[in-house]
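K.L.:
Okay, here's the structure, questions in a sec.
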Amino acid sequence: MAGALPRRIIKETQRLMADPVPGISANPDDNNARYFHVMIAGPQDSPFAGGIFKLELFLPEEYPMAAPKIRTVLLSIQALLSAPNPEDPLATDVAEQWKSNEVEAIRTAKEWTLQYARDA
């Protein structure tokens, strides 16, 4: 399978393995090098501290044509955990709660982190 991969994917994967991003683990699947198992540690001094957030990253066949680097995507996700942006939400209901009662939103984020993001 690795022979069919673009050089960029191979090089980025090698770089991630040789120089991992602190707080981020991204490992290619044994059966599909376009599929990554990702774990991001919740940043300290954030409501997500102590959590481990599991993600799946899949690189489509079109990648890497005009696409961001894998490392950049993972760092961006980690940055959003450090500084959530309710002005550009994925979930508008959560953003509204964050804007209307930030203290309660942070409490909920901490609670959900403990409940859903503790088991790595």
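Read in order, the letters of the sequence shown are residues 1 to 120 in the UniProt record's numbering.
Beta carbons are placed, not taken as given, at the ideal position from N, Cα and C, and that holds for glycine.
Since this is a predicted model, take the numbers as computed values, not measurements.
(1) Can you tell me whether Val38 is helix, strand or coil according to DSSP?
(2) Measuring straight from C-alpha to C-alpha, what distance separates Ile70 and Lys54?
(3) Looking at the secondary structure, which residues open and close the beta strand (DSSP E) in which Ala26 lies?
(4) Assuming Ala95 contacts Gly51 (C-beta within less than 8 angstroms), just tell me the rounded distance between them.
(5) Report the rounded CA-to-CA distance for Ile10 versus Gly42, giving the unit in angstroms.
P.N.:
Straight from the coordinates:
(1) Of the three classes helix, strand and coil, the one that applies to Val38 here is strand, per DSSP.
(2) Between Ile70 and Lys54, the C-alpha separation is close to 16 angstroms.
(3) Element bounds for Ala26: Ile24 to Pro28.
(4) Contact doesn't hold; Cβ gap of about 20 angstroms is too wide.
(5) Taking the straight line joining both Cα atoms gives about 27 angstroms.
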